[in-house]
Amino acid sequence: MFENILIYFVVIPLVMLGLLALCRDIKQIRAVAVVGSLGLIALSVYLLVDYLGLRAAGNEAPMLYTGSWVWFEPLNIHLAVGVDGISIAMLLLSSIIVFAGSFASWEIKQPKEFFLWLILLSTGVFGFFISIDMFTMFMFYEVALIPMYLLIGVWGSGRKNYSAMKLTLMLMGGSAFLMLGLIGIYYHSAPEGGQLTWNLLEIVDNASIPHGWQSFLFPMTFVGFGVLGAMFPFHTWSPDGHASAPTAVSMLHAGVLMKLGGYGCFRVAIYTMPQAAHELSWIFLILTGISVVYGAFCACVKTDLKYINAYSSVSHCGLVLFAILMLNETAMTGAIMQMLSHGLMTALFFALIGMIYGRTHTREITEMGGMMQIMPYLSVCYVIAGMASLGLPGLSGFVAEMTIFVGSFKAGMADYLAGAGSLRLVFTLIACCSIVITAVYILRVVGKLLFGPVHDDHHRQLTDASWWERLSTVTLIVCVAGIGCFPNFFNTLINFTFKPAIFSVLGMN
Amino acid sequence: MSITIPILILAIPLFMFIFLGLCGKKMSHLLAGTLGTLGMGTVLVLAYSTAFNYFFSGDPLFINEAGERLQYIVFNQTWLQFTENLTISLGFFLDPISAMMLVVITTISFMVHLYSLGYMRDHHGVFEKGFQRFYAFLSLFSFSMLGLVVATNIFQMYIFWELVGASSYLLIGFYYTKPSAVSASKKAFIVTRFADLGFLIGILVLSYYTGTFNFTDLTSAPVAGLENVYQVSLSTPESVLSIFQGSAAPMFMGASVLTWALVLIFMGGMGKSAMMPLHIWLPDAMEGPTPVSALIHAATMVVAGVYLVARLFPLYLMENSALVIITVVGALTAFYAAMVACAQIDIKRVLAFSTISQIAFMMVSLGVARPEYHEGLGYMASMFHLFTHAMFKALLFLGAGALIHAIGSNDYTAMHGLRKYMPITHWTFLIGCLAIAGIIPFSGFFSKDEILSACGNYSTLVYIWMSLVAFLTAFYMFRLYYLIFWWKEHKVHEGHHAPHDQPWTMSLPLIILAAVSVVAGFIPFGKLVSWNGEPYDFMAHFDWGVASISLILAVVAIALATVMYRKENPLPDKMQAALPALWKWCHHRFYWDELYMFITHKIIFNCICRPLAWFDRHIIDGTMDSFAILTNKASEAIRPLQSGQVQMYVWIYAIGAILLGGITILCLI
Amino acid sequence: MEISAIYFLVPSLIMFCCGLYGFITRRNMIAMLISLELMLNSVDMNFVIFNRFLFPGQMEGMMFTLFAIAIAAAETALAIAIIINVFRSVNHVDVRELNEMKF
Amino acid sequence: MDYSQFLIMKQEIALLVVFLLVFLYDTFMPRSAQKGLPVCTSVLMLLLTVAGCLDCCLCSTDNQVAFGGMYETSAIISAIKNILNIGVVIVLIQSIKWANGEFMIMRRGEFYELLLVTLFGMYLMISARHFLVFVIGLECASLPLAAMVAFDKNRYESHEAAVKYILTAVFSSAIFMMGLSFVYGVAGSLYFANIYTAIYASPSVMLVMAVAFVIAGIGFKLSLVPFHLWTADVYQGAPTSVTSYLSVISKGATAFAFLVVMAQVFGSLYTIVWEWMLYALIILTITIGNLFAIRQRNMKRFLAFSSISQAGYIMLGIIAYNTLGVAAMMFYILVYIFSNLGAFGVIGAIENACGKVSMDDYRGLYKTNPRLAFTMMLAMFSLAGIPPFAGFFSKFFIFTGALEGGSVAIYVLVLIALINTIVSLYYYLLVVKAMFISEEECVILPFKSACSERLGMWIALFGIIFLGLLSPVYSTLIDMASVSQFGMYFLN
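The listed protein sequences correspond, in order, to chains A, B, C and D.
Numbering of the first sequence is given in this note's numbering, commencing with residue 1 and proceeding in unit increments.
Numbering of the second sequence is given in this note's numbering, commencing with residue 510 and proceeding in unit increments.
Numbering of the third sequence is given in this note's numbering, commencing with residue 1179 and proceeding in unit increments.
Numbering of the fourth sequence is given in this note's numbering, commencing with residue 1282 and proceeding in unit increments.
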């Protein structure tokens, strides 16, 4: 079991948990957090390199590093792991954000408990991304959800009780549907008389879920994961939750946890039930298409920085789900890139907002102004994050959005020309409009918050970023720019293994 | 051809941007400025050598035996692969117009770099705050603009298109503590972003049908035997043609998809080039430092729209309707901007509207270019005007900058009679005015004259219309000139220094540009740039009739301006009183800004965003909350069930048991 | 003429219902216990009736009744003990007053 | 008569021996040694448990029938008895402090004796294959509990609870026996096997009423809605040790007995009659239990309602009516024992230390007593079904069991249950919120809980954390369930 490299993605956080429990003072806690998250980054980078090496050597299995250990034999539940390019991208993303998040919460109060929960959360995240067994996947998924409650409740701000409860209940509500969907899939995972399985690869191979059941189970799983992906109208946990969460939690949540939704939608809902995905995608296309513009419009009038970002996340994550539903290779590649890109840049955003809030004690843009003169470093980072968000070439947002638009437009036109309705096309065009609206709200914030005269003279005494804050933001900016400048690397990484999966989806159509 | 030089042309500004952006704060102002200028100077040399090489070396890669100029892809690196065919590459594309643009951009950019060394400090020689940042942004802009013009494919163009937009945003908002600058930069970005949406959709449509982003696939045919060398074919390549023509040509809402794609792409151009109705950002963009206005908002970035249309011109030729739209939009914009320019009091605004008007000239010129009329004179004229306009408009802006620097205000009412105090500025400004007015032998005469003859070939109406615009151009430029330098004697206020000419770093660019503006008209432009690479005999198509008419018009306009504005007199006020409505409309730019304000704030903001946000908080979120509230209500409602009375418990128990059986029995029966 | 089972069953049912009614309406706990006895006895009667009329060849119902009587006795004893306890504590045996804990 | 068949009853006999030993200790040991009684009982019970578990694991027990078919034992039956034993051991350990309190000096022996008797009754109930034995077991299991509920003589609530309990209990046994009389009237026998054959898939009005009454009678002990109304009052009024015993042991035993009755007696009526009865009861139980739990401030009362809704989930294992369901139900009971006892351990410790049982008093508990708060939180998470705690696995398995070959109606049922888990999560989180998030000063001062209490909590914690993760437990249960006597009654 321990010869499989993937296991260490769970082992390292668990060891960190153990060490944290033994820690006596804040220095030790920081050391554990930093060393552990560095270890995770190293591990994921190693995995990335090794993976590309294996692929280059001609290994064409859909998943690599697969391992499967029986857990609950009677139900055929395994601890099954395996990764393809998508998972590796997500693992990389998660480890980077955990790293940045540790630095962003350098001076948190009650550090021991905070990091315990944070690392537990990341255990769930890593476990989720390496799992290919639906049971373990679901388990890790829920492991990742519940620490949020305490993290927001104890370390949050504002209406934290309300937000924490709302977030937890809505997400668990989603997972209620999800659980039903997963068990349903399990019971149809094999042809009559075959061995039922939770293993996604086997389920895809068997392709035995009856059509009628697909139409029932697909919405269940899609909505289940979609809630976490902030799909309209189940997104309302996101603004409140993010607004109240402490910095690192917002980062991790918007940066990684919301990706669990998109990843799950793809990996479970669409991967295993392509027929239903094809037939029912219109419902969710409408919903996600609405999310995209709706979130952006709402962000235009909010004055709380975190609310603005939360709505922007709704919009961007909506785009992820939207692209996945296009069932088109390019769009799906774009969706994965958007996940990466949004994860990084939104983490950056939340880190910066947290840092600004930590100094000014307000997040109302009407109460701030001229930050560029007071804290130039943070402000410049904020502008960069904003530019990434509105899709400036050279930063990650552009690449992802363009890939999505090209792919969706292709899918939309294909539908339209084949006389299959113009829904996809219309919603692609609507989604395209989001690039303008995004520009509006980003520039509005930048203009009000960073530029202009200093609004409050008390703010003049505030200091600029400290070294750990710089480290945290620089890490993220480098990654954002890295994806933005060299997209094809990620494109290849994802594409490499994306193809078989997509063909199996499209082959059904 | 080696790829080192092209790569350096792009890499040096990028490097300067990153270097100055990261380390600028650590070094002295002067060092940063000098480094930036030196970097740009290097690029200038490299670009000139490249252009020279391209135009004059006679290399078979660049010109064939028939003397036709070819297109050469110096390098093309895959950047992002969407599908097997659809690939964004980053490359370096060398053809007549890109080589010409290289020259224009590097020249103006270098001038501006140099000029800013003097401009960006106050009278005591103290550098402005953010000086290093300014140079970093200038480098970023130069990089983006160079990348734009050498784009090998339409998506590369889009990428750099966005980047120039962003650097324009940063530079307009350079004085970020000034709210007006902030809102101007925001406006510029959002308006062009809106236009880019059209551009993007246009690209999507075009690429969906053609399956390619590459310009060479869309407009050219490969030259046999040579790798990466293409020749423009005015009859579009078979591959593209077969998609869009014939009975099976795809249609959408009554127009062919090609028309849609081209018009949408043109929409992007309209945004960048400030064509009506997307022009509103450009006058506001004058909030930026004046050198920026010269570089971005006069000479280079704003002509990107023209460049885009020129780049895709063979495609546009396929769709007459698209070209007609371009002509109409251009003609309207040209006239509108000229009218407005006559009634502005801010010198930079006057120049901004003049820029809009002149770019519209170029657009019209492209719109009227047809093979049957003088073998595409319009295309050549447009490019020529682009070139000359860049020079004299940059000159005018830099001159205006010198004035503003000296006076400290944009308002010409604070200037009047400056000719004695600032002779260099005066003379160079006059040259600029003569050039733009189209007085022989200044450069504007040649290029504008060709545009007018192209219009004349196409349609008399357009010709008369554009001549009228040319007349107005001469009028408002000289109105400006007189109001700045003549009108009445300049009063020097107590305690102020008298305005004086600028340091050499500022004067030198003025003089150089003035010199170029004088002689540029004699460049045999047609030999170098033409729409299909064939050398174009410009003199063969020269129409003396048109030339003399336009010359006469210009002289009359100048005379009129002289009469009205040379000396302080009541004539302008009388005219204003005679046509109050016209003046008011022109002065308020026909209320376009107010209209946009109304649409964005009153309609989009108040009628869409706010209701949506309300809807989200109260309806969607309210529904979610109401689940919780309902649960609590239900919990409250069933409270009496647990009354604490054991007899009640038992009663419910008994009823429950009986109902359980009873209902089952009923169901079974 | 054999008297059919129904003549016994109906009174038994009535007894049960009386017990039920009494149990629900009487405030005195002792009276409630008596009502309970009625119900239990009606159950016992049922067993006996069924045994006697339907399955006369065996004794299961009778045996059950014997045990049930014993159990009923135990229950009553326990209940009375508890009621006495309550009486000591609050000086009454009104069941409706015992509603401190509710909702 | 073959006396060897008494050996089949070895668990009951062992329990009786323990009972006798405790009785003898209580009666004959000198006063000075009386203090050792709680520990002694716990140790004896622990020995019994260990022996039982070893026996269960090492010797594979076949289905064995004794006393002319009145008594049956099998691997799964001894397993459930062992599960109960484990719970009883924890309850006993947790009650040591309480039992050694000032007030209990004279009567602690009775407490243990009564407790062991009820356990014996539960054993009988589980193993009974004749309704006479079953009724004796049932009464044995419920009547002494009334005395235990009334144990706190000085507290008025204890009396009120006892009255409510005994009156409802007797009433329900009347209803239950009424149902039995109908069964007897229809089938002519009280042997399970005979009844099963006699009523094979032919429901009459009397039979349906009989089923309803039997469900009501057993549902009373399981506190299924609407037969649950006594639960909250009794849980609140009874001494905490008794409450914890009531909430887990009594419930677990009855759940299994319920399964036995439904499968082995009324198995043939599954689809036509009682599946739908149970369907309605489950929805009511889970929903109403949850709705009441939301508003509770008293921790014991709160756990009472939570246990009502948990009973609904347990019933999913029965309505599943298959091997997976049985195993999942037993696993659920096991996990529920640990989780609930973890919570009751904390409540008991706090009550013993400072007499606070209100949720409002728990505010800020983490600051004063972090370990207790942590234990409570894990217990709450486990009850709410949050991984990686055992509660998640038990919930997942019970849903998996319920859905096996499930019709759409069952999917709907499970969906309702799942949505209810959100409500339950809400109120479990309320406790967590009070302990961790509330920023008020805690009224519970820091204190050191007794050794025994801590031991009890440690055991519970151990179970909460590891029961789910260690798969052999569940796998063994599945193995047992698949070879159990139920197999022949299930449809598939």
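Using N, Cα and C, we set each Cβ at its ideal position, and we do this for glycine too.
Review point. When the Cα of C:Val1271 is compared with those of D:Lys1445, D:Cys1337, D:Val1414, which residue comes out closest?
Key: D:Lys1445
Review point. When we look at the beta-carbon of A:Thr333 and count the other beta-carbons within 10 Å, is it buried (16 or more) or exposed?
Key: buried
Check your understanding: Is the closest heavy atom of the ligand ZN to the C-beta of A:Leu54 under 7 angstroms?
Key -> Looking at this structure, you won't find the ligand ZN or any other ligand, since it has none at all.
Check your understanding: Among all the DSSP beta bridges, which residues are the ones paired with B:Lys1076?
Key -> B:Trp996
Review point. Using a C-beta cutoff of 8 angstroms, does C:Phe1281 count as contacting chain B?
Key: yes
Practice item. Could you please give the first and the last residue of the uninterrupted alpha helix (DSSP H) stretch that includes A:Ala80? Key: Careful: A:Ala80 lies outside any alpha helix (DSSP H), inside the beta strand (DSSP E) at 77 to 83.
Exercise for review: Would you kindly check if the distance between the Cβ of A:Ala347 and the Cβ of A:Ala100 is under 8 angstroms?
Suggested key: yes
Exercise for review: Within the same chain, show all residues whose beta-carbon is closer than 8 angstroms to that of B:Val621, passing over the 5 residues directly before and after it, in chain order.
Suggested key: Leu647, Pro800, Val801, Ala803, Leu804, Ala903, Leu907, Pro1018
**Study point:** Minimum Cβ-Cβ distance from B:Pro688 to chain A less than 8 angstroms
**Key:** yes
**Study point:** Any beta strand (DSSP E) of 3 or more consecutive residues that is wholly inside the region 1324 to 1389 of chain D
**Key:** 1345 to 1347, 1352 to 1354
Practice item. Compute the Euclidean distance between the alpha carbons of B:Gly1170 and D:Ala1491, then round it to the nearest angstrom. Key: 8 angstroms
Review point. In chain order, what residues of the same chain lie with their CB nearer than 7 angstroms to the CB of D:Ile1667, ignoring the 5 residues before and after it?
Key: Phe1673
Check your understanding: Are the beta-carbon atoms belonging to B:Leu943 and B:Val815 less than 8 angstroms from one another?
Key -> no
Check your understanding: For the region 1142 to 1158 of chain B, which residues have a beta carbon sitting closer than 8 angstroms to at least one beta carbon of chain D?
Key -> Ala1143, Ser1144, Glu1145, Ile1147, Arg1148, Leu1150, Gln1151, Gly1153, Val1155, Met1157, Tyr1158
Review point. Listing by chain order, which chain B residues have their CB less than 7 angstroms from the CB of C:Val1273?
Key: Val1155, Gln1156
Exercise for review: Just mark A:His458 as buried or exposed, buried being the case when its beta carbon has 16 or more other beta carbons within 10 Å.
Suggested key: exposed
Review point. Is the distance from the Cβ of B:Gly965 to the Cβ of B:Asp958 below 8 angstroms?
Key: no
Review point. In terms of residue numbering, what span does the beta strand (DSSP E) encompassing B:Asn585 cover?
Key: 580 to 590
Check your understanding: Using Cβ-Cβ distances below 8 angstroms, what residues of the region 267 to 294 of chain A are close to chain B?
Key -> Tyr294
Check your understanding: Relative to chain D, which residues along the region 1194 to 1207 of chain C have a C-beta separation below 9 angstroms, given in chain order?
Key -> Phe1194, Gly1197, Leu1198, Phe1201, Met1207
Point to revise | Cβ shell of D:Phe1573 (< 6 angstroms), same chain only, five flanking positions each side left out | key: Phe1586
Review point. Could you give the uninterrupted runs of the alpha helix (DSSP H) lying entirely in the region 1468 to 1550 of chain D, keeping only those of 4 residues or more?
Key: 1473 to 1479, 1486 to 1503, 1511 to 1518, 1521 to 1526, 1532 to 1545
Review point. Run through DSSP, which three-state label would D:Asn1773 get?
Key: With a pLDDT of only 49 at D:Asn1773, under the threshold of 50, the placement of this residue in the model should not be trusted; the figure read from the coordinates follows. In this structure, D:Asn1773 counts as coil in the three-state DSSP scheme.
Review point. In chain D, which residues lie with their C-beta within 7 angstroms of the C-beta of A:Phe72?
Key: Ser1752, Tyr1755, Ser1756
Check your understanding: B:Val732 by DSSP, collapsed to three states: which one?
Key -> coil
Review point. Interface residues of chain D around A:Met165 at Cβ under 8 angstroms?
Key: Tyr1707, Leu1710, Lys1714
Review point. Hey, does C:Asn1263 have any beta-carbon neighbour from chain B nearer than 8 angstroms?
Key: no
Review point. What's the gap between the Cα of B:Leu709 and the Cα of A:Met402?
Key: 9 angstroms
Check your understanding: Is D:Phe1547 closer than 8 angstroms to D:Ile1499 when the C-beta atoms are compared?
Key -> no
Review point. Of the residues that make up the region 423 to 442 of chain A, which ones have a beta carbon closer than 7 angstroms to any beta carbon in chain B?
Key: Leu429, Cys432, Cys433, Ile435, Val436, Ala439, Val440
Check your understanding: How would you label D:Val1307, buried or exposed, when you count the other beta carbons within 10 angstroms and need 16 or more for buried?
Key -> Sequence inspection shows Asp at residue 1307 of chain D; the Val mentioned does not correspond to that position. Answer is buried; the Cβ neighbour count reaches 16.
**Study point:** Nearest-angstrom Cα separation, counted from A:Leu48 out to B:Leu791
**Key:** 47 angstroms
Review point. Of all Cβ atoms in chain B, is any one closer than 8 angstroms to the Cβ of A:Asn509?
Key: Caution is warranted here: a pLDDT of 40 is assigned to A:Asn509, below 50, making its placement in the model unreliable, and the coordinate value is therefore given only provisionally. No - not a single Cβ of chain B is within 8 angstroms of the one on A:Asn509.
Practice item. Give a yes or no on whether the C-beta atoms belonging to B:Val741 and B:Gln580 are separated by under 8 angstroms. Key: yes
Practice item. Whole angstroms is fine: what's the gap from B:Ser956's alpha carbon to A:Lys306's? Key: 54 angstroms
**Study point:** Residue-level contact to chain C via CB, D:Asn1773, 8 angstroms cutoff
**Key:** Its pLDDT being 49, under 50, D:Asn1773 is placed unreliably by the model, and nothing is read from it.
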